[in-house]
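Undergrad: Take the numbering used here: the final residue in the sequence shown is number 458, and no numbers are missing along the way.
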Amino acid sequence: MCGVFGAYSQSGSAVLEDIYLGLCALQHRGQLSAGVAWIDGGSVHIKKGLGLVHEALSQSELAQVEAHTAIGHVRYATAGGTRPEDSQPLGANYAQGPIAIAHNGNLTNAVALSSYLANRGAIFQTSCDTETIIQLMAHQPGTVQLEALETALSKIKGAYSLAVLLNDCLIAARDPWGFRPLVLGRRDDTYFVASESCALDIIGAELVRDVEPGEILVIDRRGIISRKLPKEAQRHHHCSFEYVYFARPDSVIDGRSVYSARKRLGSCLAKSCGCPREAVVAGMPDSGTFAALGLAEEAGMDFEAGVVRNRYVGRTFIQPTQRVREAGVKIKLNPQPGIFDGKEAVIVDDSLVRGTTAGRIISMIRESGAERVHMRIASPPVRYPCYYGIDTPSSEELIAAQMDIPELCEKIGADSLRYISCDELCEAIGLPLGELCTACFDGNYLEEEDDQSLLEV
Ligand code: SF4
2 MCGVFGAYSQ SGSAVLEDIY LGLCALQHRG QLSAGVAWID GGSVHIKKGL GLVHEALSQS
62 ELAQVEAHTA IGHVRYATAG GTRPEDSQPL GANYAQGPIA IAHNGNLTNA VALSSYLANR
122 GAIFQTSCDT ETIIQLMAHQ PGTVQLEALE TALSKIKGAY SLAVLLNDCL IAARDPWGFR
182 PLVLGRRDDT YFVASESCAL DIIGAELVRD VEPGEILVID RRGIISRKLP KEAQRHHHCS
242 FEYVYFARPD SVIDGRSVYS ARKRLGSCLA KSCGCPREAV VAGMPDSGTF AALGLAEEAG
302 MDFEAGVVRN RYVGRTFIQP TQRVREAGVK IKLNPQPGIF DGKEAVIVDD SLVRGTTAGR
362 IISMIRESGA ERVHMRIASP PVRYPCYYGI DTPSSEELIA AQMDIPELCE KIGADSLRYI
422 SCDELCEAIG LPLGELCTAC FDGNYLEEED DQSLLEV
C-alpha cells in the first residue's frame, strides 16, 4: 500500500507545498519513504528519502520551488527493496522527454516483463515493479510519451493507481479493475489527484470525483481530457480491505464514506454475531473503533474507549519481524484502568492477520479485571495473501489459514470469537460482491489470461 498525490496549477502557481501537505495526509498509506518530483528546464527533479514525510522532505525547501505541476509518493514496500533508490517517485529523462511516476498497487507480471526488457538491453536502476512502466515507454523509440504510456499500461497486469508527470502535463491513471482508490480534486484553477479524498481536505480542495477504473486523465493548461485504457475489465475489483482497515475513515472511496462503511460493519456484527447485552464494547484503536461504535449503537450497548493507543508507535501490521511486532503490541496498546473491572468485554477489531495483537490485548484486558472477553472481527477471516499491493503475509503466517475459528478463539485466549461473512462485508460497504475484491477472504483472485503477446514491445 502506498499513497500518491499530484497537482497541476493552470495559472502557474507553485504546488510543491500542496504536495507536501497532501503526502502528510496520506502518511497512513506508507511510512517507509516519501518523495516528490517536478519537471523544470526539460528535466526531472526528484527529492526523496527514507522515513516519514517530515523526515524525508523539507517543507521549507519545497516551498521555495516554483514548479506549477508536481507529484508525490509515500511508500510502503510490497514490491522491490527498501533502499533509498527504491523510493518513489521514479524519474527518467529519455529520448522522448522527462517522466516521473508515482505508483500505488502491485504489478503481477512485472517479473516477466522486466526479464524480457533486461534481455533486450534495459538496465534497471531499482527493484520496483513501477520501473517496468518507464522501461516499457523507453523501449518505444519515436512514440510520443502519452501514447507510449498507454501502450505500457496495456501490457501490465495487476493493480495500479498512478500519478505521472510528463512535460507540462499531469496524468492520473487507474487500472481497469479499480483495485486501489484514486480521486480527482480541484481548488480554483489547480487540479489535484490523490489516493484518498482526505488529502484534498487538508489543502482546501474539493473532491470532484473518483478516477474511474480504466480511465486516464490528462491534465494540462487546456483543462482535463478523459481517455480510456485499451484494456477492458469484465468487472471491477475494488479492494474491500481499504474500507475495513487501510483507508482513513474521513475518506470517501468510490462514492462511499469509509467511516459509514466501518460503522455498518459493526452493525452487521451486532446483528449476526450475538453479544452479551451487559458487556462493555470497546474497539481496537484506531481501525476497530468505528465498527465498535456501530456494534454498540445497533445492539444498544455501552461503548467505552477501553483500549488506549500510543499514537507515536507505528502500526504493528507493518513492522518487519515477529520479534519487533510482539514488542510493538506491548508499547502500543493499553487497557483503560477500571473500565473492564468485573465485567464482560466485547472487543472489536477490523481483522485478525497474525493474531499476535489480539492475543496480547485479550490477556491485558483480563489482567485489568474483565471476567470474560469476547472478540468480534469486522471482516471475514483473512486466509489468503494479497497480490495487489498489500503486504499481507503468506498463508503459513495468516492465522485464520492455519486453524478453524474455535481453534483460533482458543489460541488468542478469547471466550468467544465471531467474524462477519463476505456477503455482510459487501452489504456494509454498499457494493455487490461482483464489484469488490475479496480475494484475501475467499481466494477469488482476478483471473487474467497468460498472454505472451504482452511481452512484445
Ligand atoms: S486481496 Fe484483499 S487486500 Fe488485496 S486487493 Fe483484494 S481485498 Fe484488497
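In this text, a Cβ means the ideal position worked out from N, Cα and C, and glycines have one as well.
On a predicted model such as this, the values are computed, not experimentally measured, just so you know.
Please list, in chain order, all residues of the same chain as Val54 whose beta carbon is under 8 Å from its beta carbon, the five residues on each side excluded.
TA: Mapped onto the sequence shown, residue 54 falls at position 53. So the qualifying residues of the chain are Tyr21, Leu24, Cys25, Gln28, Ala35, Val75.
Undergrad: State whether the stretch 264 to 283 contacts the stretch 295 to 304, with contact taken as three or more CB pairs (one from each stretch) at a distance under 8 Å.
TA: yes
Undergrad: Hey, is the stretch 99 to 116 in contact with the stretch 56 to 70, meaning 3+ C-beta pairs nearer than 8 Å?
TA: no
Undergrad: Thinking C-alpha only, which one of Lys344, Arg377, Gly343 is nearest Leu409?
TA: As a working note, residue 409 is residue 408 in the sequence shown. Distances from the alpha-carbon of Leu409 to those of Lys344, Arg377, Gly343 put Arg377 closest.
Undergrad: Ignoring anything shorter than 4 residues, give me the alpha helix (DSSP H) runs that lie fully in the stretch 98 to 176, in order along the chain.
TA: 111 to 120, 132 to 139, 146 to 156
Undergrad: Only counting the same chain, and skipping five residues up and downstream in sequence, which positions put a Cβ closer than 7 Å to that of Ser14?
TA: On the sequence shown, position 13 is the one that residue 14 refers to. Counting only Cβ-Cβ distances below 7 Å, and skipping sequence neighbours, we find His69, Thr191.
Undergrad: So, with DSSP's three-state summary, where would you put Asp350?
TA: For the purposes of this step, residue 350 is taken as the residue at position 349 of the sequence shown. Looking at Asp350 - three-state DSSP - the assignment turns out to be strand.
Undergrad: Pick from Gln141, Asp87, Ser396: whose alpha carbon is nearest that of Arg121?
TA: By 1-based counting over the sequence shown, the position of residue 121 is 120. Selected option, being the one with the closest Cα: Gln141.
Undergrad: Is any heavy atom in ligand 1 found nearer than 8 Å to the beta carbon of Thr439?
TA: As a first step, residue 439 is located in the sequence shown; it is residue number 438 there, counting from the start. Checking the 8 Å criterion, the Cβ of Thr439 is within range of a heavy atom belonging to ligand 1.
Undergrad: Mapping the DSSP letters down to three states, classify Leu437 as helix, strand or coil.
TA: The sequence position of residue 437 within the sequence shown is 436, counting from 1. DSSP, reduced to helix, strand and coil, places Leu437 within a strand of the structure shown.
Undergrad: Residue range of the alpha helix (DSSP H) that Arg263 falls in?
TA: Looking up residue 263 in the sequence shown gives position 262. Arg263 -> alpha helix (DSSP H) spans 259 to 274.
Undergrad: Could you give the first and the last residue of the continuous beta strand (DSSP E) run that contains Ala93?
TA: In the sequence shown, the residue the question calls residue 93 occupies position 92. Here the beta strand (DSSP E) through Ala93 covers 91 to 95.
Undergrad: Kindly examine ligand 1 and report whether one of its heavy atoms sits closer than 8 Å to the Cβ of Ile430.
TA: Here residue 430 is taken as the residue at index 429 of the sequence shown, counted from 1. No.
Undergrad: Here's a check: name, in chain order, each residue in its chain whose Cβ is nearer than 7 Å to the Cβ of Ile102, leaving out the five neighbours to either side.
TA: As a position in the sequence shown, residue 102 is number 101, starting the count at 1. Result list for Ile102: Pro90, Leu91, Thr131, Ile134, Ile135, Leu163, Val165, in chain order.
Undergrad: Considering only the alpha carbon of each residue, which of His375, Pro277, Thr358, Arg187 lies closest to Gln11?
TA: Here the question's residue 11 lines up with position 10 in the sequence shown. Comparing Cα positions, the closest option is Arg187.
Undergrad: Check this for me: beta carbons of Ile100 and Leu51, under 9 Å apart or not?
TA: As a first step, residue 100 is located in the sequence shown; it is residue number 99 there, counting from the start. As a first step, residue 51 is located in the sequence shown; it is residue number 50 there, counting from the start. Their beta carbons are not under 9 Å apart, which means Ile100 does not touch Leu51 by this criterion.
Undergrad: For the candidate residues Ser417, Ala415, Ser380, whose alpha-carbon lies nearest to that of Asp424?
TA: Within the sequence shown, the letter at position 423 stands for residue 424. Among Ser417, Ala415, Ser380, the Cα nearest to that of Asp424 belongs to Ser380.
Undergrad: With a cut-off of 8 Å on the beta carbons, I'd call Pro336 and Ser369 a contact; round off their distance for me.
TA: Along the sequence shown, read from residue 1 onward, the residue named residue 336 stands at position 335. Along the sequence shown, read from residue 1 onward, the residue named residue 369 stands at position 368. About 4 Å separates the two Cβ atoms, so the contact holds.
Undergrad: Helix, strand or coil: how does DSSP classify Ser422 here?
TA: The residue labelled residue 422 in the question sits at position 421 within the sequence shown. Ser422 carries a coil assignment under DSSP once its states are collapsed to helix, strand and coil.
Undergrad: By a C-beta neighbour count over all protein chains shown, 10 Å radius and 16 as the cutoff for buried, is Glu448 buried or exposed?
TA: Here the question's residue 448 lines up with position 447 in the sequence shown. The residue in question, Glu448, is exposed, as its Cβ has fewer than 16 Cβ neighbours within 10 Å.
Undergrad: With which residues is Glu86 paired in a DSSP beta bridge?
TA: Here residue 86 is taken as the residue at index 85 of the sequence shown, counted from 1. DSSP output for Glu86 lists no bridge partner at all.
Undergrad: On the DSSP letters alone, give me the boundaries of the alpha helix (DSSP H) that Tyr21 sits inside.
TA: Translated into positions along the sequence shown, residue 21 becomes position 20. Looking at the DSSP string, the run of the alpha helix (DSSP H) that includes Tyr21 is 17 to 26.
Undergrad: With 16 other CB atoms within 10 Å as the buried threshold, where does Val194 fall?
TA: Position 193 of the sequence shown, counted from the start, is the residue given in the question as residue 194. Answer is buried; the Cβ neighbour count reaches 16.
Undergrad: Mind checking Ala306: buried by the 16 CB within 10 Å criterion, or exposed?
TA: For the purposes of this step, residue 306 is taken as residue 305 along the sequence shown, with counting starting at 1. By the neighbour-count rule (16 or more Cβ atoms within 10 Å), Ala306 is not buried but exposed.
Undergrad: Leu399 to Phe180, Cα distance in whole Å?
TA: In the sequence shown, the residue the question calls residue 399 occupies position 398. In the sequence shown, the residue the question calls residue 180 occupies position 179. Cα-Cα distance, rounded: 22 Å.
Undergrad: Report the rounded CA-to-CA distance for Ala234 versus Cys170, giving the unit in angstroms.
TA: As a first step, residue 234 is located in the sequence shown; it is residue number 233 there, counting from the start. As a first step, residue 170 is located in the sequence shown; it is residue number 169 there, counting from the start. Roughly 27 Å separates the two Cα atoms.
Undergrad: Here's a check: name, in chain order, each residue in its chain whose Cβ is nearer than 6 Å to the Cβ of Arg373, leaving out the five neighbours to either side.
TA: Locating residue 373 in the sequence shown gives position 372, counting from the first residue. Counting only residues of its own chain and dropping the five nearest sequence neighbours on each side, Arg373 has a CB closer than 6 Å to the CB of Glu345, Asp416.
Undergrad: Are there 16 or more other CB atoms within 10 angstroms of the CB of Glu216, so buried, or fewer, so exposed?
TA: Here residue 216 refers to the residue found at position 215 when the sequence shown is read from its first residue. Burial call: buried.
Undergrad: So is Ala371 buried or exposed if we call it buried at 16+ other beta carbons inside 10 Å?
TA: For this step, residue 371 is matched to residue 370 along the sequence shown. Ala371 is classed as buried because its beta carbon has at least 16 other beta carbons within 10 Å across all chains shown.
Undergrad: Taking its Cβ as the centre, do 16 or more other Cβ atoms sit within 10 Å of Ala200, making it buried, or is it exposed?
TA: Residue numbering aside, residue 200 sits at position 199 when the sequence shown is read from its first letter. Buried, because 16 or more other Cβ atoms sit within 10 Å of the Cβ of Ala200.
Undergrad: With a 10 Å radius around its C-beta and 16 neighbouring C-beta atoms as the bar for buried, classify Phe125 as buried or exposed.
TA: Walking along the sequence shown from the start, residue 125 turns up at place 124. If you draw a 10 Å sphere on the C-beta of Phe125, you find fewer than 16 other C-beta atoms in it, and that means exposed.
Undergrad: For the beta strand (DSSP E) that contains Phe6, what are its first and last residues?
TA: Taking the sequence shown and counting its residues from 1, one reaches residue 6 at position 5. Residues 4 to 10.
Undergrad: In whole angstroms, what is the alpha-carbon distance linking Phe304 and Ile340?
TA: Along the sequence shown, one-based indexing puts residue 304 at 303. Along the sequence shown, one-based indexing puts residue 340 at 339. Distance between the alpha carbons of Phe304 and Ile340 is about 11 Å.
Undergrad: Taking the alpha carbon of Ala206 as the point to measure from, which residue in Pro214, Tyr389, Val184, Gly43 has its own alpha carbon closest?
TA: Residue mapping note: residue 206 aligns to position 205 of the sequence shown, counting from 1. Here the closest residue by C-alpha is Val184.
Undergrad: Flag Ala160 as yes when its Cβ comes closer than 8 Å to any non-hydrogen atom of ligand 1, and as no otherwise.
TA: Residue 160 sits at position 159 when you count from the first residue of the sequence shown. Checking the Cβ of Ala160 against ligand 1 gives yes.
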